[in-house]
Amino acid sequence: MSITRAWAVLMALSLASTAIAWSGAGGVWAALAILTLAWGKAQVILNRYLRLSQAPDISRGVALVLGLFMAGVMGLAVAGG
């Protein structure tokens, strides 16, 4: 993925997050949608800008830790919602 395409993906994900937040949608589903978009943004940043894609083993480990963290945060969003 080129740097320009990565930037475009980040912009699209940010606009989607902003649209959900601005729409006034509340509750668990909005929180989960925004967290999912943030997870995608984190993956783009880690793999493209920090070049973790060049170290596949490390990339998988970081993706696992990030996935566990996001699952925990999403679980808290569901429990608190």
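According to mature numbering (1 follows the signal peptide of the UniProt record, and there is no 0), the stretch in the sequence shown is residues -21 to -1, 1 to 60, in order. Where a beta carbon is used, it is the ideal one built from N, C-alpha and C, also for glycine.
Quick check on the DSSP output: the alpha helix (DSSP H) that includes residue i runs from which residue to which?
{"i": "Gln22", "result": "Gly6 to Val23"}
{"i": "Gly46", "result": "Pro35 to Gly59"}
{"i": "Met(-11)", "result": "Ile(-19) to Trp1"}
Rank the options by C-alpha distance to the C-alpha of residue i and give the top, closest one.
{"i": "Leu(-7)", "options": "Gln22, Asn26 and Ala12", "result": "Ala12"}
{"i": "Gly60", "options": "Val7, Gly51 and Gly40", "result": "Val7"}
{"i": "Ala(-14)", "options": "Ser2, Thr(-4), Gly5 and Val23", "result": "Val23"}
{"i": "Gly54", "options": "Ala10, Gln33 and Val41", "result": "Ala10"}
For a test of the three-state rule: what should DSSP assign to residue i, helix, strand or coil?
{"i": "Leu29", "result": "coil"}
Residue i and residue j: beta carbons closer than 8 angstroms?
{"i": "Ala58", "j": "Leu14", "result": "no"}
{"i": "Arg39", "j": "Met(-21)", "result": "no"}
- Item | the region 15 to 23 touching the region 35 to 55, judged by at least three CB pairs closer than 8 angstroms | yes
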